[in-house]
Amino acid sequence: MEPVPEQPDGVRKAILRHGVSRRSGSRESTPGGIRSRHSSGSSRGSRLSRRISRAFSLRRGAEVLPVRDLILLDSISEENVVTVLKKRFQDDQIYTYIGSVVVSINPYKNLSVYDDNQIARYRGGNYWDPGLEPHVYSLTDAAYSDLRFRGRNQCVIISGESGSGKTEASKIIMRYVAAVSPGGGKVDEVKTKLLKTNPVLEAFGNAKTVRNDNSSRFGKYMDIQFDYHGNPVGGKVTTYLLEKARVIRQNNDERCFHIFYQLLAGGPLASLHLQSDPTQYAYLKAGNCVRIKGTNDAANFKEVQNSLKYLGFSENDQNGVFQVLAAVLLLGQLQFDGQGETSSVSSIKSLSDIAKLLNGSPKKLEDGLTHKTVVVEGKLVSSPLQADKASYSRHSLAKTLYERLFIWLCGRINENLCVPDDEVKAVIGVLDIYGFEIFSMNGFEQFCINYCNEKLQQLFIELTLRTEQQEYQDEGITWVEIKYFNNRIICDLIDKKPSGVMALLDEECIRPGNKSDLTWLSKLDQAVGRHDHYKSREVAKDRTLPQDIFILKHYAGEVRYTVDGFVDKNTDTLFKDLSQAMYECNNPLLKALFPEGNKDLWLGASKRPVTAGAAFKTSMASMIAELNAKIPSYIRCIKPNEKKRPNQFDAKLVLNQVRYLGLVENVRVRRAGFCYRVPQDKFLERFKLICPHTYPVWSGTVKEGVNEILLYIGILADEYQFGRTKVFIKNPQTVFRLESARDDKIASVVTKLQRAWRAFVIRRQRGSYVEEILQVFSKVKDDPHFGRKFKWPRDVPRQLLGADKNLKKIHANWWADKKLSPLSADQRDALRVKVYAWRCYCSEFRERDVQADVLQKPLNLAQAYRAIYATHISGYEQKSRALCAQYHDSKIRFASETRKVNRAGKLDKRVLLLADKHLFKLDTKFKVTAKRIIALHSIRAIHLNKTPDTFVVLKLDEPGKDVVLDLGASAENRLGEFVSHLFLACRHSGNNRVKVNVFDGAVEYNNSQKAAGARPKVLTFRGETEARKSGEGVCRFQRQTVFYPSGGN
């Protein structure tokens, strides 16, 4: 085949910061996964086009650019891939794309890329948005959107070495789905339950290893179930191969499962017969590590308790779980004495404590540990065990107890989470499974773990490499075949029957007679010794190799396996006596965990138990089938260094991971391929409105219509190809141009439809509205109130709300003109003062629904406002004119007798004169002093109380100079009139900052005449019904309290 032209050098660099395709590969990538924000319109598309155009000119010579997608590399090599990952890692950019695959590097530190703001940015975002860096959120949003809008089941497959961040990636996915999916009521409860599974499963299934402080020691696959509205309604957890051997044994600098240390740190130790020191227990001190730096086991235990409670575990359920955990620890404390062929338990107290915890008999428990019962020719035959065999039996019980407790926990979680199939539209599955492991000593557990990773690698190859190329061949697309390593040959070496490693192991386990690990190794040498990926001492004729090891050349590298324990662990034997001892405990949980302990069923049981390896192989086949039925997304996790330290990048270590993850082959296949492919009829259906020749009706063939659209948009011929049934587009920016053009057209079409429909609705509704207005106001001129009490139409069409508002304003102005026209100029001025009094005093209380008649009490709106109330004072006219002339005021605006609160808290009689620029508070002789003159520009606030009193506090700029006045000294309430005149005068004098504040309670002031140091005084208000004495005024003042008339006075 002829090679497909690669993207020009400048183009690849141009898209450095502008994203690539993300939903291509093995599955059909359709426009459903390519979404953009319609509201942004054409301006958004044009801005992005300009930015891409400018980016086309980026060049940096031979330097490897830190591209966001490895497809855009100029030269594809392992070294260049590692260089890009390193540069991005050093800039805290831990995510990088390979088309639809996310490569994630564990930063070993907290990064601010997971908060609510980041979630909002990626929610509904577009993969080609230059403002969005590669992120797990982007992958998750695409999967969730495809599920929600197309109803297809999704799965996210997370793979990588232990310590590469797989567990954290799965939690990030769950948190994002919980954040972006609809919420409310039961949905929020389900979201919380899904998140609460994490601390429980981590506590019981994770442990510290030399490579990872929170390593998953089991495989987990969780389906998040969604209803037809896109709401999460449930979930289901499936687990694979718990590393139960860790219960009794750990490598140096490793811990047992987290839950044991958490229990000792925060659990009810007295009732569990435990001590708080983990080093006192054989099962916990084997790894010489009982604590993890920065980890609070007691706090984590509390979180586990809360999570269990939220997931439906009662207090009795939790106590049962903790009792089994305690029993497992105490099993490790048992010691055995041997007497020839028999044995007995020497540590009586530990045995007794275990029996109490499990509610069983110490004697039956001891018999179960020291005896073995088998079925021979239909009869039960019991025989004693030697001390070493009894100790082994104790270990088997401890491992089995913990493993079955773990499985029971997951089952109970599923009972609480899972919903019936008819309530589920689709699911998002998240696979978080152990990474590939190579230790100094590798046993049966590492063999199973690495087999699992081989199967996942095979799935990755099938779905992203082989199927990709196969699709191009099926569609007749011009294509250069990319060479890649297919690890099927390794999978067949392990699981093929009858000569695979697992098949031969099962054969050794079930054959009669003495079974031996070395015998099995010898059979392996004979059966698969010539295989290119197998090696042992005898096959390689290499005497430097130990006799008890074999080597498998996995896709991730060579691994040495020690055969010691393979046969025993694969057989996974638990003697019937122990099952019976557990079943006969007066404990419902143990009866559920050990149903085979019912002795009545032993003689009828003829079926041989399935081996551990066979069971694991079956579960792997089930898992692969489950994943194959879903739309896959991949996260390939990489560990930057072995020391779990931030900001350290071990290039050699990363190179090994890049190599065995097959990232370079993945880049080559995606680079030579097409980012977008869709059936031609679907393409025409989606994009036909772009071209005037194909919209609204196209009469030609589908292929001709697609070609017409591409030509109209101006897409070059080398940017796309037609297959037999699909159209393939090479570059992501081409797809973005199509989507942007479609967005623009959709906005135009929708606008036209909306305009036509709204016009129709308005025409229909406008008629009834206008008719009602004409009918109501037909006799408004003859109405004595000029239509003030007329009822306006209530149901106003939304499109006419503006017109309705304007009509009401026009009527209000006309009504005011009718009311004011008979008034004289003086009457209008007086009315204007009342209006300002209302605005100053009442605006706040109108919002509180205070009745108008209540407001009229302090304002005294019903009485006439005369402004000048001091003409009866001897010489008023002459003295007031002299004041105005002396202080350059044009006239007196307000004059009245008043009372002032002095520094001693007593009332002094004053004459209050308000002029254009000053406020004078004089005695009856009109004696002027500096203290009695207030410049209006120095008043910053007017404080009132909402009660019907007559007091006002004037807050001045200068500290200690506040003024408290009583405007009811003459037994007439003049407060509202004074405040209105004062406010207007301040504004006219240029003081635009003055404010009127109305308080619902006490009012503070300071009239001490001191600039600093004086404490403010408090003016309080209280109503009373007693009649006022003559000359006392409207309100009575005593000890900083204003007594105002209430009860109708």
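In my numbering, the protein residues as written are 2 to 1050.
Glycine included, C-beta positions come from ideal geometry on N, C-alpha and C.
Note that the structure is predicted; figures quoted are calculated from it, not measured.
- [ ] Only counting runs of 3 or more residues, tell me where the beta strand (DSSP E) segments fall wholly within the stretch 311–397, in order along the chain.
- [x] 337–340, 343–346, 372–377 and 380–385
Open item on the list: Would Gly166 and Ser105 qualify as a contact pair, given that the criterion is a beta-carbon distance under 8 angstroms?
Closed with: Position 165 of the sequence shown, counting from 1, holds the residue named residue 166. Position 104 of the sequence shown, counting from 1, holds the residue named residue 105. Yes, Cβ-Cβ distance for Gly166 and Ser105 is below 8 angstroms.
Open item on the list: Can you find the residues in the same chain that come closer than 7 angstroms, C-beta to C-beta, to Asn805, ignoring five residues on each side of it along the sequence?
Closed with: For the purposes of this step, residue 805 is taken as residue 804 along the sequence shown, with counting starting at 1. Sequence inspection shows Asp at residue 805; the Asn mentioned does not correspond to that position. Setting aside the 5 residues that flank it on each side, Asp805 is surrounded in the same chain by Val797, each with a C-beta closer than 7 angstroms to its C-beta; the list follows chain order.
Open item on the list: Once DSSP output is grouped into helix, strand and coil, what is the label at Val929?
Closed with: Counting from one through the sequence shown, the residue named residue 929 turns up at place 928. Looking at Val929 - three-state DSSP - the assignment turns out to be coil, as it is neither helix nor strand.
Task: According to DSSP, residues forming a beta bridge with Asp70 - done: Taking the first residue of the sequence shown as position 1, residue 70 is located at position 69. According to DSSP, which records beta bridges pairwise, Asp70 is partnered with Tyr98.
Open item on the list: Taking 8 angstroms as the threshold (C-beta atoms), are Lys631 and Gly430 in contact?
Closed with: If you number the sequence shown from 1, residue 430 lands on position 429. If you number the sequence shown from 1, residue 631 lands on position 630. Cβ atoms of Gly430 and Lys631: closer than 8 angstroms.
Open item on the list: Mapping the DSSP letters down to three states, classify Val999 as helix, strand or coil.
Closed with: The residue labelled residue 999 in the question sits at position 998 within the sequence shown. Three-state result, Val999: strand.
Task: Whole-Å CB distance - Arg671 paired with Gly186, under 8 angstroms assumed - done: Your numbering for residue 671 matches position 670 in the sequence shown. Your numbering for residue 186 matches position 185 in the sequence shown. That pair is no contact at about 43 angstroms.
- [ ] Leaving out five residues on either side along the sequence, give the residues of the same chain with a beta carbon under 6 angstroms from the beta carbon of Phe723.
- [x] Taking the sequence shown and counting its residues from 1, the one referred to as residue 723 is at position 722. Taken in chain order, the list of residues that qualify is empty.
Task: Where Phe437 sits in the DSSP three-state scheme - done: Mapped onto the sequence shown, residue 437 falls at position 436. Three-state DSSP puts Phe437 in coil, outside helix and strand.
TODO: Indicate the three-state DSSP secondary structure (helix, strand or coil) for Met442 in the structure shown.
DONE: As a working note, residue 442 is residue 441 in the sequence shown. Here Met442 sits in coil by DSSP.
Open item on the list: Can you tell me where the alpha helix (DSSP H) holding Gln1041 begins and where it ends?
Closed with: By one-based count along the sequence shown, residue 1041 stands at place 1040. That residue, Gln1041, is in no alpha helix (DSSP H); it is neither H nor E in DSSP.
Task: Collapsed DSSP secondary structure at Glu1025 in the structure displayed - done: In the sequence shown, residue 1025 corresponds to position 1024, counting from 1. Here Glu1025 sits in strand by DSSP.
TODO: Give every residue of the same chain whose Cβ lies closer than 7 angstroms to the Cβ of Arg759, excluding the five residues on either side of it in the sequence, and list them in chain order.
DONE: Taking the first residue of the sequence shown as position 1, residue 759 is located at position 758. Hits under 7 angstroms: Gln800.
- [ ] Would you decide whether Asn1008 is buried or exposed? Buried here means 16 or more other CB atoms lie within 10 Å of its CB.
- [x] By 1-based counting over the sequence shown, the position of residue 1008 is 1007. Flag for Asn1008 reads buried.
Open item on the list: My output table needs one value for Gly724: the three-state DSSP class, helix, strand or coil.
Closed with: Here residue 724 is taken as the residue at index 723 of the sequence shown, counted from 1. Three-state result, Gly724: coil.
TODO: On the DSSP bridge assignment, give the partners of Lys1051 in chain order.
DONE: A query on residue 1051 cannot be resolved here, the shown segment of the chain reaching from 2 to 1050 and no further.
Open item on the list: For Glu686, report the span of its beta strand (DSSP E) as first-last.
Closed with: Within the sequence shown, numbered from 1, the residue matching residue 686 stands at position 685. Per DSSP, Glu686 belongs to no beta strand (DSSP E); it is in the alpha helix (DSSP H), Gln681 to Phe688.
Task: Collapsed DSSP secondary structure at Gly1058 in the structure displayed - done: It is not possible to answer for residue 1058, since the shown part of the chain is limited to 2 through 1050.
Task: Same chain only: Cβ atoms within 6 angstroms of Pro32, ignoring 5 sequence neighbours per side - done: For the purposes of this step, residue 32 is taken as residue 31 along the sequence shown, with counting starting at 1. Caution is warranted here: a pLDDT of 32 is assigned to Pro32, below 50, making its placement in the model unreliable, and no coordinate value can be reported.
Task: Contacting residues, own chain, Cβ-Cβ under 7 angstroms from Asp254 (five flanking each side not counted) - done: Stepping through the sequence shown from its first residue, residue 254 is reached at position 253. Result list for Asp254: Val211, Gly288, Asn289 and Cys290, in chain order.
Open item on the list: Can you look up Arg51 in the DSSP assignment and give me helix, strand or coil?
Closed with: By 1-based counting over the sequence shown, the position of residue 51 is 50. Any reading at Arg51 needs caution, since the residue's pLDDT is 43, under 50, leaving its predicted position unreliable; the model's value is listed next. Residue state, collapsed to three classes: helix.
- [ ] Using 10 angstroms around the beta-carbon of Val375, count the other beta-carbons present and answer buried if the total reaches 16, otherwise exposed.
- [x] Locating residue 375 in the sequence shown gives position 374, where the first residue counts as 1. Its Cβ having fewer than 16 others within 10 Å, Val375 is exposed.
Open item on the list: Does Arg882 come out as helix, strand or coil in the three-state DSSP assignment?
Closed with: By 1-based counting over the sequence shown, the position of residue 882 is 881. Note: Arg882 maps to helix in three-state DSSP.
Open item on the list: Could you tell me the alpha carbon to alpha carbon distance between Thr296 and Ala204, rounded to whole angstroms?
Closed with: The residue you call residue 296 lines up with position 295 of the sequence shown. The residue you call residue 204 lines up with position 203 of the sequence shown. Cα-Cα distance, rounded: 12 angstroms.
Open item on the list: Please give the ranges of any beta strand (DSSP E) in the stretch 141–195, keeping only runs that are unbroken, at least 3 residues long and fully inside the region.
Closed with: 155–161
Open item on the list: Quick check: what's the CA-CA separation for Arg1016 versus Arg904?
Closed with: Translated into the one-based positions of the sequence shown, residue 1016 becomes position 1015. Translated into the one-based positions of the sequence shown, residue 904 becomes position 903. About 12 angstroms.
Task: From Glu162, Ile173 and Arg256, residue whose alpha carbon lies closest to that of Ala208 - done: The residue given as residue 208 occupies position 207 in the sequence shown. Out of Glu162, Ile173 and Arg256, Arg256 has the C-alpha closest to the C-alpha of Ala208.
- [ ] Pair every Cβ in the stretch 613–627 with every Cβ in the stretch 405–417, then say whether three or more of these pairs are closer than 8 angstroms.
- [x] no
TODO: Just the C-alpha distance for Arg941 and Leu915, rounded to the nearest angstrom, thanks.
DONE: Mapped onto the sequence shown, residue 941 falls at position 940. Mapped onto the sequence shown, residue 915 falls at position 914. Distance between the alpha carbons of Arg941 and Leu915 is about 16 angstroms.
Task: Beta bridge counterpart(s) of Cys638 as assigned by DSSP - done: Locating residue 638 in the sequence shown gives position 637, counting from the first residue. Looking at the DSSP output, Cys638 sits in a beta bridge with Ser105 and Gly161.
- [ ] Tell me where the alpha helix (DSSP H) around Glu476 begins and ends.
- [x] Looking up residue 476 in the sequence shown gives position 475. Thr468 to Glu476 is the span of the alpha helix (DSSP H), which, as asked, contains Glu476.
TODO: Let me know if Arg13 comes out buried or exposed under the rule of 16 or more other beta-carbons within 10 Å of its beta-carbon.
DONE: For the purposes of this step, residue 13 is identified with residue 12 of the sequence shown, where counting begins at 1. Confidence is the limiting factor: at Arg13 the pLDDT is only 36, short of 50, which leaves the residue's position unreliable and the question unanswerable from this model.
Task: Cβ neighbour criterion (16 or more within 10 Å) applied to Ala986 - done: The residue labelled residue 986 in the question sits at position 985 within the sequence shown. The residue is buried, with at least 16 neighbouring Cβ atoms inside 10 Å.
- [ ] Report the partner residues of Val238 according to the DSSP bridge assignment.
- [x] Here residue 238 is taken as the residue at index 237 of the sequence shown, counted from 1. DSSP output for Val238 lists Met223 as bridge partner(s).
Open item on the list: Counting beta carbon pairs with one atom in the stretch 473–480 and one in the stretch 719–738, are three or more of them shorter than 8 angstroms?
Closed with: yes
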